[in-house]
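So for the sequence shown, the working numbering puts the first residue at 67; every next one is plus one.
These notes concern the structure reproduced below.
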Amino acid sequence: MEEGRFRNKIYWFTFLFSVLVVWVHSANAEIYLGWTDEAYLLYAFENFIGNVVAQVAVPGFFMISSYLFYRNFSWDKLKIKWYSRIRTVLVPFIVWNFLYYMGYVIASRITGLKDVVGKGIVPFNLMAAGDAILNYTYNYVFWYLYQLILLILLAPFIYLVIRNRYTAAAAGIAVLLAINCGYRLMYLNLDALLYYGIAAYFAVHGKRAAEGEWSGRRMAVGAVMAAAGVTSLMLSAGGVRVVFVVMFRLLIPLSLWLMVSEKKLLKARGWMKNNFFLYAVHFAFVRLINKTGAAVLPHVIEVPLTLYLLMPIICIVISSLLSAAIKKISPPVWTLLTGGRTA
67 MEEGRFRNKI YWFTFLFSVL VVWVHSANAE IYLGWTDEAY LLYAFENFIG NVVAQVAVPG
127 FFMISSYLFY RNFSWDKLKI KWYSRIRTVL VPFIVWNFLY YMGYVIASRI TGLKDVVGKG
187 IVPFNLMAAG DAILNYTYNY VFWYLYQLIL LILLAPFIYL VIRNRYTAAA AGIAVLLAIN
247 CGYRLMYLNL DALLYYGIAA YFAVHGKRAA EGEWSGRRMA VGAVMAAAGV TSLMLSAGGV
307 RVVFVVMFRL LIPLSLWLMV SEKKLLKARG WMKNNFFLYA VHFAFVRLIN KTGAAVLPHV
367 IEVPLTLYLL MPIICIVISS LLSAAIKKIS PPVWTLLTGG RTA
């Protein structure tokens, strides 16, 4: 696969995953309709989209981040890779968590917005600020970045394991068994480690498989993986068997990568490349739109359903306009907010 097409495919997939993440957080059946029979139908639909289909998005993000980190990796590049991720991951993590904290501090003291915030008066002091930054207290969608930071810190250990095919296979099986047995680590999610580690393995040993040109054979392999993913979902017993849920969320992004032809993808537009910014701001807009809409719009099923379906488009438009304004007014601020990312 040509480098340009590879990068373009990355843009498309991160854009797709960003749209799915918006749907994860857009559920609105309860606040519009309460717990009624009518609400149940909408709840079931939103639950399937947001809590089943769209749950493949963050594993997809983990795998893309890992693959790009370990692509062409060597020990002498570790410091360079770490420095790059300080700029693109750690700094935005700190900045956005602080901005969300200040937003909640201010909004919780404004009549009208206080109810939208729903957290009472948010304390304004050094301890609360530190907690908000370190534990993403008011920006919980950044749990993904928190996990990513931990995985990046573990890069030397992950590389030591995955650079040997046998130790990589043993580690993968061990993690799956641990997930199946319900074991947990104090800070790091085992499923995140699995997604990240498998992508790292492909970056080191399976570049040809990951970056080969699309073909009928790749399509067939992808279709088999997709079928295995759907089967895993069916075997999960509604999410009770966690290891099958994890396999579903692992296999679907991998299968899509194989099945989608890079040659048929149009060139990603500029607004499709602001995915980190969209990820960072979407939750605030989703919450504001849903709570404001529930206060002023009719409580009939058509309203929340329409808003739910259109929410990704609404958030993309708002984030695109906002990002364009920030880039024009203050490029350094844009760089600070996104770490200089283009995706």
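All residues carry an ideal CB built from backbone N, CA and C; glycine is no exception.
On a predicted model such as this, the values are computed, not experimentally measured, just so you know.
Rounded straight-line distance, which links the Cα of Leu-220 to that of Arg-274: Position 208 of the sequence shown holds residue 274. Position 154 of the sequence shown holds residue 220. Approximately 25 Å, taken between the alpha carbons.
Would you identify the three-state DSSP class for Pro-398, choosing helix, strand or coil? Walking along the sequence shown from the start, residue 398 turns up at place 332. DSSP places Pro-398 in helix when its eight states are reduced to three.
For Gln-213 versus Asn-163, is the C-beta distance shorter than 8 Å? Locating residue 213 in the sequence shown gives position 147, counting from the first residue. Locating residue 163 in the sequence shown gives position 97, counting from the first residue. Taking 8 Å as the Cβ cut-off, Gln-213 and Asn-163 do not qualify as a contacting pair.
Same chain, Cβ closer than 7 Å to Tyr-202, five either side skipped, listed in chain order: Within the sequence shown, the letter at position 136 stands for residue 202. Cβ neighbours of Tyr-202 beyond the five flanking positions: Asn-163, Phe-208, Trp-209 and Tyr-212.
Name the two residues that bound the continuous alpha helix (DSSP H) containing Pro-222. Against the sequence shown, residue 222 aligns to sequence position 156. Here the alpha helix (DSSP H) through Pro-222 covers 221-228.
Leaving out five residues before and five after Leu-216 in sequence, what residues of the same chain have Cβ atoms less than 7 Å from its Cβ? Numbered from 1 along the sequence shown, position 150 holds the residue referred to as residue 216. Around Leu-216: Tyr-253 and Leu-254.
Please name the residue, chosen from Ala-391, Val-326, Lys-185 and Lys-180, that lies closest to Leu-82 on a Cα-to-Cα basis. As a working note, residue 82 is residue 16 in the sequence shown. It is Val-326.
Closest by CA to Ala-350, which one among Phe-127, Glu-104 and Tyr-206? By 1-based counting over the sequence shown, the position of residue 350 is 284. The residue with the shortest Cα to Cα distance from Ala-350 is Tyr-206.
Counting Cβ pairs, one atom from each stretch, are 3 or more of them under 8 Å apart for the segment 289-305 and the segment 318-337? yes
Same chain, Cβ closer than 6 Å to Ala-269, neighbours up to 5 away in sequence not counted: For the purposes of this step, residue 269 is taken as residue 203 along the sequence shown, with counting starting at 1. Contacts found: Tyr-133, Tyr-136 and Arg-137.
The ligand FAD heavy atom lying under 7 Å from the CB of Thr-80: Ligands displayed in this structure: none; no statement on the ligand FAD is therefore possible.
Taking the alpha-carbon positions, what's the Val-183 to Ala-195 distance? Locating residue 183 in the sequence shown gives position 117, where the first residue counts as 1. Locating residue 195 in the sequence shown gives position 129, where the first residue counts as 1. When rounded, the distance between both Cα atoms is 17 Å.
Starting from Glu-68 and walking both ways along the alpha helix (DSSP H), at which residues does that stretch end? As a first step, residue 68 is located in the sequence shown; it is residue number 2 there, counting from the start. First-last for Glu-68: undefined, no H or E at that position.
Collapsed DSSP secondary structure at Tyr-253 in the structure displayed: Position 187 of the sequence shown, counted from the first residue, corresponds to residue 253. Coil, per DSSP.
Tell me the rounded alpha-carbon separation between Ala-409 and Gly-304. The residue labelled residue 409 in the question sits at position 343 within the sequence shown. The residue labelled residue 304 in the question sits at position 238 within the sequence shown. Since pLDDT at Ala-409 reaches only 49, below the 50 mark, its modelled position is unreliable, and no value is offered.
Jot down the residue ranges of each uninterrupted alpha helix (DSSP H) in the segment 255-324, minimum 4 residues, whole runs only, in chain order. Every alpha helix (DSSP H) stretch that sits fully inside the segment 255-324 and reaches 4 residues is listed by chain position as 256-271, 273-277 and 282-301.
Can you find at least 3 beta carbon pairs, one from the segment 138-147 and one from the segment 335-343, that sit closer than 8 Å? no
Excluding sequence positions up to five away, which residues of its chain have a Cβ less than 8 Å from the Cβ of Ile-355? The residue labelled residue 355 in the question sits at position 289 within the sequence shown. Same-chain partners within the cutoff: Leu-373, Met-377 and Ile-380.
Which whole-angstrom value describes the C-beta separation of Trp-337 and Ser-386, a residue pair presumed to lie in contact below a C-beta threshold of 8 Å? Along the sequence shown, one-based indexing puts residue 337 at 271. Along the sequence shown, one-based indexing puts residue 386 at 320. Indeed they touch by this definition, with Cβ atoms about 4 Å apart.
Please classify Lys-75 as buried or exposed, where buried requires at least 16 other C-beta atoms within 10 Å of its C-beta. Position 9 of the sequence shown, counted from the first residue, corresponds to residue 75. A buried status is given to Lys-75, since no fewer than 16 other beta-carbon atoms sit within 10 Å of its beta-carbon.
In the segment 106-137, which residue ranges form an unbroken alpha helix (DSSP H) of at least 4 residues, counting only runs that do not cross its ends? 123-136
For Ile-115 versus Trp-89, is the C-beta spacing smaller than 8 Å? Counting from 1 along the sequence shown, the entry for residue 115 is found at position 49. Counting from 1 along the sequence shown, the entry for residue 89 is found at position 23. Yes; because the gap between Cβ atoms is below 8 Å, this pair is in contact.
Ala-409 in three-state terms, based on DSSP: Working through the sequence shown from its first residue, we reach residue 409 at position 343. Low per-residue confidence applies at Ala-409: pLDDT is 49, beneath 50, and the placement is therefore not dependable, though the value from the model is reported in the following sentence. Coil at Ala-409, not helix or strand.
Taking C-alpha atoms, which residue in Pro-125, Asp-197, Ile-239 and Arg-153 lies nearest to Tyr-167? Taking the first residue of the sequence shown as 1, we reach residue 167 at position 101. Among Pro-125, Asp-197, Ile-239 and Arg-153, the Cα nearest to that of Tyr-167 belongs to Asp-197.
Alpha helix (DSSP H) segment containing Lys-143, residue limits: Reading the sequence shown from its first residue, position 77 is the one you call residue 143. Careful: Lys-143 lies outside any alpha helix (DSSP H) and carries neither H nor E.
Can you give me the C-alpha to C-alpha distance between Arg-153 and Asp-103, rounded to a whole angstrom? Here residue 153 refers to the residue found at position 87 of the sequence shown. Here residue 103 refers to the residue found at position 37 of the sequence shown. CA-to-CA, the gap between Arg-153 and Asp-103 works out to about 49 Å.
Can you give me the start and stop residues for the alpha helix (DSSP H) that Lys-357 sits inside? Here residue 357 refers to the residue found at position 291 when the sequence shown is read from its first residue. That run of the alpha helix (DSSP H) goes 341-362.
When the Cα atoms are used, what is the spatial distance from Val-28 to Ile-382? Because residue 28 is not part of the residues shown, which for the chain are 67 to 409, the question remains open.
Coil, strand or helix - Lys-333 by DSSP: On the sequence shown, position 267 is the one that residue 333 refers to. Lys-333 falls in the coil class under three-state DSSP.
Cα-Cα separation, Leu-251 to Trp-141: Counted from its first residue, the sequence shown places residue 251 at position 185. Counted from its first residue, the sequence shown places residue 141 at position 75. Cα-Cα distance, rounded: 27 Å.
Terminal residues of the alpha helix (DSSP H) in which Trp-101 lies: Reading the sequence shown from its first residue, position 35 is the one you call residue 101. Looking at the DSSP string, Trp-101 is not in any alpha helix (DSSP H), and its letter there is neither H nor E.
From Tyr-204, Pro-158 and Leu-156, pick the residue whose C-alpha is nearest to that of Val-171; which is it? For the purposes of this step, residue 171 is identified with residue 105 of the sequence shown, where counting begins at 1. Cα-wise, what sits closest to Val-171 is Tyr-204.
Taking only the alpha-carbon atoms, compute the straight-line gap between Glu-112 and Lys-143 and give it to the nearest angstrom. Sequence index remark: in the sequence shown, residue 112 carries index 46 (1-based). Sequence index remark: in the sequence shown, residue 143 carries index 77 (1-based). Glu-112 and Lys-143: Cα-Cα distance of roughly 44 Å.
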